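First to last, the protein sequences are chains A and B.
Read the first sequence against the working numbering and you will find it ends at 278, with the numbers running on by one and no gaps.
Read the second sequence against the working numbering and you will find it ends at 455, with the numbers running on by one and no gaps.
For every residue, glycine included, the Cβ atom is placed at its ideal position computed from N, Cα and C.
Treat the numbers as computed from the prediction; the structure is a model and nothing was measured.
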Amino acid sequence: MTEPFLQVTDLSKRFGGLKATNNVSFNIARDEIVGLIGPNGAGKTTLLRLITGILKPDAGTIRFKGKNITGMKVWDIVNLGIAGTFQNMRPFRRLPIIANVMVSCLSPRAMKTGEWVKRIEAKAMDALEFAGISDMALEKASTLSQGDLKRLEVARAIATEPELLLLDEPFGGLSPAEADLMAQSVKRLHKGGRFGRLHSEGPAMIIIEHKLQQLMRIVDRVIVLNYGEVLLESSPEEVVKHPAVIESYLGKGDE
Amino acid sequence: MNLLRYYLRKVFTVLRNEVLVLPSRIVVLLFFLSMLLIPLVVDDPYFIRILVLTSIFAIFAASWDLLSGFTGQINFGHALFFGVGAYGSAIMNQHGLPHWATIPLGALVAVAAGLVVGVPCLRLRGTYLALTTLAFPIILLGIVFAFPGLTGGELGISGLTRLSTSRTVTYYIVVVIMLLSCAAMWKITDSKIGIIFHAIREDELAVKAAGINTTLYKLLAFCLSGFFAGIAGGLYAHFMRIAGPSTLEVQMSFQVVIYSVFGGIATIWGPVGAVFILVPLMEFFRLWPEFRTLMFAFVVILILLYMPGGLLPWIRNKVEEECPRCKIRNLVTRRVCRVCAADMR
Numbered sequence: 024m025t026e027p028f029l030q031v032t033d034l035s036k037r038f039g040g041l042k043a044t045n046n047v048s049f050n051i052a053r054d055e056i057v058g059l060i061g062p063n064g065a066g067k068t069t070l071l072r073l074i075t076g077i078l079k080p081d082a083g084t085i086r087f088k089g090k091n092i093t094g095m096k097v098w099d100i101v102n103l104g105i106a107g108t109f110q111n112m113r114p115f116r117r118l119p120i121i122a123n124v125m126v127s128c129l130s131p132r133a134m135k136t137g138e139w140v141k142r143i144e145a146k147a148m149d150a151l152e153f154a155g156i157s158d159m160a161l162e163k164a165s166t167l168s169q170g171d172l173k174r175l176e177v178a179r180a181i182a183t184e185p186e187l188l189l190l191d192e193p194f195g196g197l198s199p200a201e202a203d204l205m206a207q208s209v210k211r212l213h214k215g216g217r218f219g220r221l222h223s224e225g226p227a228m229i230i231i232e233h234k235l236q237q238l239m240r241i242v243d244r245v246i247v248l249n250y251g252e253v254l255l256e257s258s259p260e261e262v263v264k265h266p267a268v269i270e271s272y273l274g275k276g277d278e
Numbered sequence: 111m112n113l114l115r116y117y118l119r120k121v122f123t124v125l126r127n128e129v130l131v132l133p134s135r136i137v138v139l140l141f142f143l144s145m146l147l148i149p150l151v152v153d154d155p156y157f158i159r160i161l162v163l164t165s166i167f168a169i170f171a172a173s174w175d176l177l178s179g180f181t182g183q184i185n186f187g188h189a190l191f192f193g194v195g196a197y198g199s200a201i202m203n204q205h206g207l208p209h210w211a212t213i214p215l216g217a218l219v220a221v222a223a224g225l226v227v228g229v230p231c232l233r234l235r236g237t238y239l240a241l242t243t244l245a246f247p248i249i250l251l252g253i254v255f256a257f258p259g260l261t262g263g264e265l266g267i268s269g270l271t272r273l274s275t276s277r278t279v280t281y282y283i284v285v286v287i288m289l290l291s292c293a294a295m296w297k298i299t300d301s302k303i304g305i306i307f308h309a310i311r312e313d314e315l316a317v318k319a320a321g322i323n324t325t326l327y328k329l330l331a332f333c334l335s336g337f338f339a340g341i342a343g344g345l346y347a348h349f350m351r352i353a354g355p356s357t358l359e360v361q362m363s364f365q366v367v368i369y370s371v372f373g374g375i376a377t378i379w380g381p382v383g384a385v386f387i388l389v390p391l392m393e394f395f396r397l398w399p400e401f402r403t404l405m406f407a408f409v410v411i412l413i414l415l416y417m418p419g420g421l422l423p424w425i426r427n428k429v430e431e432e433c434p435r436c437k438i439r440n441l442v443t444r445r446v447c448r449v450c451a452a453d454m455r
């Protein structure tokens, strides 16, 4: 039997007395987009940060393409092909936007084809083009609005040409129309191919999002977290009808 | 002959289209030319000596900027590298090596010192890092005093060979090394590595999440900075013909911070310019020896109050402005951008 693409087994992380994630297990296939939803404080971001290696788990293992990546350095995980975005955007504020993306283009994974500076700029430009902020490439990152910062986060993540992309609220701060556009581009990225000089492997994705309307349109499967535990794992159609999800999102009705 | 004409024309084109269009670049050109031509005009030993010392401190200040200005690893113990370079080349010179070998070797010892400081400092940031680095030169000072047989104790190692017996040749050795080192440091910060250094200062975690091994780049910054500071230390030792405990003093570490902040950090040219303003100014203030330090402090505080980004970037922003469209710098009096012809008003 072949190994699953990403295999998370019994992952636990505590912050003091709080169990942020508790024995979380799931698998992700190479060609999937998985939505990760749950109320605030359910442990979604913690889970993503555990996978990208920013946080170290207390227990459990994460296997990526059959390789145990638990406790590896953040940059090693990125260079294996897992890229994530930050929920609270962390741009290099005093650098131009294009330089923000060029940092990602300078990672060994993105550099492995042996490119020289001019190509890197072009590649960074194509990542920005994909995210839709290429017209502001020379502005300082501190001048960007919240929504554009989200796009910058996405551009930085895809510039490393990941095989697994972890998006933390990619539609946050975008208007519904912009969120629709973003959802379309995410779907397009998932199909893979070339965007200018930027190559897309057609990454598998895990998307955390509260805007369920846009999310449900693009995902193949949804994992619902609550209090750090997997509440439900199912197709989008079933999830939105499931009583436990409605309860955890909207509260219990009177009847 | 045709080749020569080709290169001459190329130099002329670059000069006309790239250098003479911006005041800051003209200043740099004039600086390079005047540094190389001064000894042909002036033959005052005192003046030459001040210029040589200023050049040495310019390398030192720029190397601090490379580490602390760019990667944000604030180092309050930069004298360590200077002292290690000075002592390293002095000890090797004592054992018979000539100065053209001891200065680069001393700089390599300073690179090793960069690793020694860099590795424990990887886990620290901000204030904690600054305070920890402050301790390293003091530790080395203790070691220097503990082994007077090797280091000469409080007296230091004296009687080193001169850089050259001729004053003019000494001047040229130091100034050419200074110009080359500063150009090299500027080039490093203007490259891909420079972008990563900038980014590490802004947000280290985000750089890690972009797949960059930040540990490697931080150590690289420590080593590069140590190398250039070590060269400065070696030159200083051979020029003064003594490597003493004064090279490791806290005052040395803070001087370089003052120079850099005064001139504008994260620029390389800022600290170099600041040294060439402040060191001669300090010499000028010798006219009033009682008030020398007071006046120096007054000037520095005044500049920092009104030009928080540093003196030189402030002046540069007054005479040049960025094109709103292509971000290329233009002379402030221009109506349209010299490259993209966008309206500058």
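Inter-residue Cα distance where the pair is residue i and residue j
i	j	result
residue 417 of chain B	residue 408 of chain B	14 angstroms
residue 123 of chain B	residue 162 of chain A	30 angstroms
residue 152 of chain A	residue 99 of chain A	27 angstroms
residue 211 of chain A	residue 428 of chain B	47 angstroms
residue 253 of chain A	residue 104 of chain A	25 angstroms
residue 228 of chain B	residue 131 of chain B	41 angstroms
residue 49 of chain A	residue 27 of chain A	10 angstroms
residue 208 of chain B	residue 160 of chain A	52 angstroms
residue 108 of chain A	residue 245 of chain A	19 angstroms
residue 170 of chain A	residue 204 of chain A	12 angstroms
residue 156 of chain B	residue 289 of chain B	21 angstroms
residue 137 of chain B	residue 147 of chain B	15 angstroms
CB contact flag (residue i, residue j, <8 angstroms)
i	j	result
residue 444 of chain B	residue 454 of chain B	yes
residue 77 of chain A	residue 315 of chain B	yes
residue 33 of chain A	residue 82 of chain A	yes
residue 342 of chain B	residue 169 of chain B	yes
residue 190 of chain A	residue 231 of chain A	yes
residue 71 of chain A	residue 44 of chain A	no
residue 240 of chain B	residue 186 of chain B	yes
residue 231 of chain B	residue 212 of chain B	no
residue 373 of chain B	residue 224 of chain B	no
residue 172 of chain B	residue 292 of chain B	yes
residue 320 of chain B	residue 126 of chain A	yes
residue 242 of chain A	residue 57 of chain A	yes
DSSP-derived helix/strand/coil call for residue i
i	result
residue 352 of chain B	strand
residue 158 of chain A	helix
residue 249 of chain A	strand
residue 203 of chain B	helix
residue 233 of chain A	coil
residue 126 of chain B	helix
residue 58 of chain A	strand
residue 184 of chain A	coil
residue 183 of chain B	coil
residue 137 of chain A	Only weak support exists for where residue 137 of chain A lies, its pLDDT of 48 falling under 50; the value from the coordinates is given anyway. In this structure, residue 137 of chain A counts as coil in the three-state DSSP scheme.
residue 146 of chain A	helix
residue 86 of chain A	strand
residue 294 of chain B	helix
residue 451 of chain B	coil
residue 123 of chain A	helix
residue 376 of chain B	coil
Listed by chain order, chain E residues near residue i by CB distance under 7 angstroms
i	result
residue 97 of chain A	Absence of chain E from the displayed structure is noted, the protein chains being A and B.
For residue i, the first and last residue of its enclosing alpha helix (DSSP H)
i	result
residue 292 of chain A	The first residue shown for chain A is 24 and the last is 278, placing residue 292 of chain A beyond what the model contains.
residue 67 of chain A	67-75
residue 99 of chain A	97-103
residue 406 of chain B	402-416
residue 79 of chain A	Residue 79 of chain A -> no alpha helix (DSSP H), and no H or E assigned at all.
residue 427 of chain B	421-429
Distance between beta carbons of residue j and residue i, contact taken as under 8 angstroms
i	j	result
residue 410 of chain B	residue 368 of chain B	6 angstroms
residue 204 of chain B	residue 328 of chain B	Their Cβ separation, rounded to whole angstroms, is 34 angstroms, which puts residue 204 of chain B and residue 328 of chain B out of contact at 8 angstroms.
residue 245 of chain B	residue 362 of chain B	About 15 angstroms; that fails the 8 angstroms criterion.
residue 329 of chain A	residue 150 of chain A	Given that chain A is displayed from residue 24 to residue 278, the structure contains no residue 329 of chain A and the question cannot be resolved.
residue 331 of chain B	residue 307 of chain B	6 angstroms
residue 191 of chain B	residue 357 of chain B	Between residue 357 of chain B and residue 191 of chain B the Cβ distance is about 10 angstroms, and since that is not below 8 angstroms, they are no contact.
residue 216 of chain B	residue 195 of chain B	5 angstroms
residue 285 of chain B	residue 345 of chain B	In fact, because the Cβ distance is near 10 angstroms, the residues do not count as touching under 8 angstroms.
residue 178 of chain A	residue 106 of chain A	Not quite, the Cβ-Cβ distance comes to about 11 angstroms (not below 8 angstroms), so this is no contact.
residue 420 of chain B	residue 371 of chain B	7 angstroms
Any non-hydrogen atom of the ligand SAM closer than 7 angstroms to residue i Cβ
i	result
residue 57 of chain A	Inclusion of the ligand SAM in the displayed structure is not the case, the ligand content being empty and no account of it being possible.
Boundaries of the beta strand (DSSP E) in which residue i is found, first to last residue
i	result
residue 51 of chain A	41-51
residue 30 of chain A	29-38
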